[in-house]
Amino acid sequence: MMRRLFIGSVWLYFALLLIGPILYLAVQSFDGGISAFWNEVTKPEALHGFTLTLEITAIVLVLNLVFGTITALVLVRQDFAGRTMLSGLIDLPFSVSPVIAGFMLILLFGPDTILGTFFGTLGVKVLFAMPAMVLATLFATFPFVVRELTPLLQTIGTDAEEAARTLGANEWQVFLKVTLPMLRWGFVYGATLTVARAIGEFGAVLVVSGNILMLTQTATLHIYQSYVDFNYVGANAVALTLLAVSFAILTLLEVAKAKAVTTVA
Amino acid sequence: MTTHTLLQLALRSAAVGYVSLLILLPLAAIAHQSFVGGIDHFIQDISTPQASSALALTLEAAIITTIINALFGTLSAIVLVRYEFPGRWFLNALVDLPFAIPTLVTGLMIAAIYGPTSILGLWLQQGGVTVLYNQPGIVLAMLFVTMPFTIRSLQPVLMELEREQEEAAFTLGASPWTTFWKVTVPSVLPGLLTGVFLTFVRALGEFGSIVIVAGNIPMKTQVASVYVYGEIESYNPQGATSVSVFILLISFLVLVLLERLTRPPGERMPRWFRWSNRPLAMIRPSEIG
Amino acid sequence: MIVSYLFPILLAWVAFSGSVMAGESKELTLAVYSVPKEAYERTIIPAFQRSWKQRTGQEVRIRTSYGASGAQARAIIGGFDADVAALSLEGDLDQIAKAGLISHDWRTGPHKGMVSASVVALGVREGNPKGIKVWEDLARPGVEVLYPNPKTSGGAMWDVIAIYGAGLKLAEQQAGAGKKPSAESAEIVAAGLLKGIQKNVKVMDKSGRESVTTFERGVGDVIVTYENELLPRIKSHRPYEIIVPNETVWIENPAALIDRHVDRHHVRDVAEAFVSFLHGEEAQAAFAELGFRPIGQPASQASTRTSLPLPNRLFTIADLGGWDTISAKLFGPRGAWTTIVEDLARGK
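Residue numbers (our numbering), protein chains in the order written: chain A, 1 to 265; chain B, 266 to 554; chain C, 555 to 902.
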């Protein structure tokens, strides 16, 4: 049956590209046994890395949800000069290599720049500190929420909202009671992707953080440090942990979806 | 002006402002670096033998990646949304993982599994295919990091797509094939195009995994992002930014095309073109306000 | 509503988290290249903290960052406010000085500002299956050679310089005893050797460390790298053998304090003490543990301070005309190495 063939091909595609490599990672991280794995994952540098990654991810998620939604609504619902340019800009972060992303921030906030000296006089350290790391991650994750919402908004159209308006609802009510619920899955997907991507951000943060041990070393930077210290078990163990966290979030998403379907049915 | 219009303007300024600060400003800084020596210098920077080879290789690999991922991504999205089968939740949860995996780890995993010392790698080599430190390795790395795009862009759209539309077509006597082409495809087109174009754009910028699996031999296995890194590290920021700006321009054009194609029919041409070609009676009031 | 309150709070949190609370103790920030990390973290830094406490009664907190030498230099120029930089190449320190951050002449310190030394060496698999003995063996067909990309790795620059210099030495040998080859003919021999070896390179990692990890993953027959990269790995029971060619380059790694930052942080005394600590016995012993050679003139190796073999045709960067000259000659836009790579790609 065509069905079997399709499902089988998809499994094969996933296995070759995704499952195989991840299995390898899992095996490598337990190379020294469970105790070695546990030691690596709970040592101070690793814990600091996890905490820092969590902080950055939280900030980035909030900002992206707010501004991503606004941008998606504006892009789909409004037609204005420059809309195309705006749309073209939104996804550009995907094609910017992390080296350049980091370099950009240095060009903008470096010691001899306007922004750099401005923040310097305020006593706020941007580069080689938290703000630059947040900016780098923000840059990399911005497209996700917008892109999850735009096709959805295009497919849904404005009928339900206009109906609500004619029935007397004000803008805020329309937004909260009609728009948001319809966009629910777009939000959930967008948030999930943002979190996943923020957790995995590496290249740009390496450049702008200074990689200072126990201060600006995120989980991914810690993985890199372990790797170049020849601590393969450590690198793989922390990487596997990050993956497990992302996978857990993604699985929860699947569970929520299944529940939603059964509730409707 | 109505509250509605005011609100629209406020939202628009917020969006434009945020995007300008976060994306336009940094990119302008890069562009400034690359054009500081004038347009001639820019052209020179991107036409050196190493730069042009790197660009060609990157574009080629990205196109191959896009085709493969478009096919398999679409198939995967349809299978994941339309069919129920054991383990579906598992595959669904896996799809986004490439985003979460640091590119360094991606590179290491691919190198380990397809490398010359692994079973799979050796087997492929017997068959004449050297994956690692060769062009196929580059495509493999790009495939990995772009895998979620098509699937994720299609899924929400497929899920919201009312099955009633398809069922309606059925009851009216349309064949499955016709239903597919005349009902399903046009509805999912925005999602599909978004996924495909994003795959291409993302593949162009990949660095962390490629630098581990590609070998990085200039003019043979060195992609643009690795070339750029080399130039920055050897104190040639201008050459680096020029090549980056070139890649960005290509990406920008692709994304602009995407935006145009995913608009509802009637809005695909630029505004100035539309105004002059439509009879006054057809212009909607909302476009004037 | 909530958003407008949340925003400034978020901004404030982001801006001030991670900022240092200045207290009783002093804080010193170090930017070090990646290789000697273990020596610093395990021995040198704790020893220095003890010695400083003994001397002044003060606690000193030391923040460290390890990364590629060039990347660290660029970060410092880009605003990373390290107080002391210990890098792999003198060229990188010069870049920092050029940017105006180092105002003293760091070469006037003990040992001309250098704190550790090594040579370029070859690593092969246990048993040396391909029978590598001399540089020319690396150019044999069927031998896979590993070294990183000189454009991104200071270590690779040392490696290529070693190969080129070895070529020049070989030209001298070919010319016969007492006779000196002309500069052009020597350069032709050197470029020939470099081309033959570069041809056998299929992977160029972006840093020396990554090159070693690639070698560890089973790629390549012979790796060209620092001797002090190979020795600790062999000590950890890795199945490698090390070959120190007779013709190789003497590597020296500098360290200096960054004037602008130490003055801004008011830690000049600590920084100066730290830099001189690096030249002291304890630090040098820690470096030796990791496989470095004692600093000073190579000829002084004859002393019992090291058991490492002394190559009899060793040369230094000075012999090749100094960093700027040799790096422009090899890696510049029309440099020997650059041309070789392009020719190889075109099949020439």
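Note that CB positions come from ideal geometry on N, CA and C, so glycine has one too.
With distances taken from CA atoms, which of the options is nearest residue i?
i: P44/A; options: K125/A, G234/A, K259/A and L250/A; result: G234/A
i: P413/B; options: A342/B, T313/B and A327/B; result: A342/B
i: E581/C; options: A837/C, E836/C, A825/C and Y620/C; result: A825/C
i: G380/B; options: G774/C, A839/C and E781/C; result: G774/C
i: A505/B; options: A489/B, A327/B and L518/B; result: A489/B
i: K902/C; options: W712/C, G746/C and Q612/C; result: G746/C
i: V697/C; options: V614/C, V757/C and H820/C; result: V757/C
i: W777/C; options: S790/C, A710/C, V743/C and G721/C; result: Just to set this straight, residue 777/C is Ile in the shown sequence, not Trp. Checked all of S790/C, A710/C, V743/C and G721/C; the closest Cα to I777/C is A710/C.
i: L52/A; options: A219/A, A72/A and F14/A; result: A219/A
i: V66/A; options: L276/B, R353/B, V346/B and A293/B; result: L276/B
i: V134/A; options: V207/A, S95/A and F187/A; result: V207/A
i: K666/C; options: P808/C, P848/C and V586/C; result: P808/C
i: A899/C; options: L514/B, N481/B and P455/B; result: N481/B
i: E764/C; options: T779/C, T892/C and I805/C; result: T779/C
i: I598/C; options: A622/C, E896/C and A827/C; result: A827/C
i: S662/C; options: G834/C, A810/C, Q727/C and I849/C; result: The amino acid at residue 662/C is misidentified as Ser; the sequence shows Thr. Considering only alpha carbons, the answer is A810/C.
i: G633/C; options: V146/A, D91/A, I7/A and G110/A; result: G110/A
i: N866/C; options: T879/C, P735/C, R792/C and V673/C; result: V673/C
i: Y224/A; options: R596/C, R617/C and G621/C; result: G621/C
Looking at chain C, is there any beta carbon in it that lies within less than 8 Å of the beta carbon of residue i?
i: F230/A; result: yes
i: F187/A; result: no
i: F50/A; result: no
i: E588/B; result: An answer regarding residue 588/B cannot be provided, because it is not within the stretch 266 to 554 covered by chain B.
i: L47/A; result: no
i: L127/A; result: yes
i: L65/A; result: no
i: S278/B; result: no
i: V301/B; result: no
For chain B, check one thing: does any of its Cβ atoms lie closer than 8 Å to the Cβ of residue i?
i: S209/A; result: no
i: G203/A; result: yes
i: E680/C; result: no
i: G772/C; result: yes
i: P93/A; result: yes
i: V697/C; result: no
i: P21/A; result: yes
i: G572/C; result: Low local confidence applies: a pLDDT of 45 at G572/C is under 50, so the model's placement there is unreliable, with the coordinate-based value given in what follows. Cβ-Cβ to chain B under 8 Å: no for G572/C.
Which residue or residues does DSSP assign as beta-bridge partners of residue i?
i: S672/C; result: I805/C
i: Y227/A; result: For Y227/A, which the question treats as bridged, DSSP gives no partner whatsoever.
i: F869/C; result: V803/C
i: A710/C; result: None, per the DSSP bridge assignment.
i: Y780/C; result: V674/C
i: Y794/C; result: R679/C
i: K580/C; result: V614/C
i: V638/C; result: L584/C and L811/C
i: L700/C; result: V757/C and I777/C
i: R903/C; result: One cannot answer for residue 903/C here, as it falls past the ends of chain C, which runs 555 to 902.
i: Y933/C; result: Nothing about residue 933/C can be read from this structure; chain C reaches only from 555 to 902.
i: I212/A; result: S619/C
Compute the beta-carbon to beta-carbon distance between residue i and residue j, rounded to the nearest angstrom, for a pair I have assumed lies under 8 Å.
i: R197/A; j: F144/A; result: 6 Å
i: A136/A; j: A204/A; result: 4 Å
i: E161/A; j: G190/A; result: The Cβ separation is near 20 Å, so there is no contact.
i: L868/C; j: T802/C; result: 6 Å
i: L647/C; j: Q626/C; result: About 10 Å separates the two Cβ atoms, so there is no contact after all.
i: D659/C; j: V816/C; result: Not quite, the Cβ-Cβ distance comes to about 16 Å (not below 8 Å), so this is no contact.
Does any residue of chain A have a CB that is nearer than 8 Å to the CB of residue i?
i: D310/B; result: no
i: A576/C; result: Low confidence applies here, because A576/C scores a pLDDT of 43, under 50, leaving its location unreliable and the question unanswered by this model.
i: F435/B; result: no
i: T870/C; result: no
i: S670/C; result: no
i: T858/C; result: Because the pLDDT of T858/C is 48, which lies under 50, any placement of that residue in the model is unreliable, and the number read from its coordinates should be weighed accordingly. Cβ-Cβ to chain A under 8 Å: no for T858/C.
i: I288/B; result: yes
i: D305/B; result: no
Requested in this report: Could you name each continuous beta strand (DSSP E) segment of 3 residues or more that falls completely within the region 373-401 of chain B, going from the start of the chain to the end?
Outcome: Counting whole runs of 3 or more residues, the region 373-401 of chain B contains no beta strand (DSSP E) stretch at all.
**Report entry** Complete runs of the beta strand (DSSP E) confined to the region 491-532 of chain B [at least 3 residues]
**Finding:** The region 491-532 of chain B contains no whole beta strand (DSSP E) run of 3 or more residues.
Query raised in the report: Unbroken alpha helix (DSSP H) runs of length 4 or more, entirely within the region 441-491 of chain B: which are they?
Result: Those alpha helix (DSSP H) runs which fall completely within the region 441-491 of chain B and span 4+ residues are 441-444, 450-470 and 475-478.
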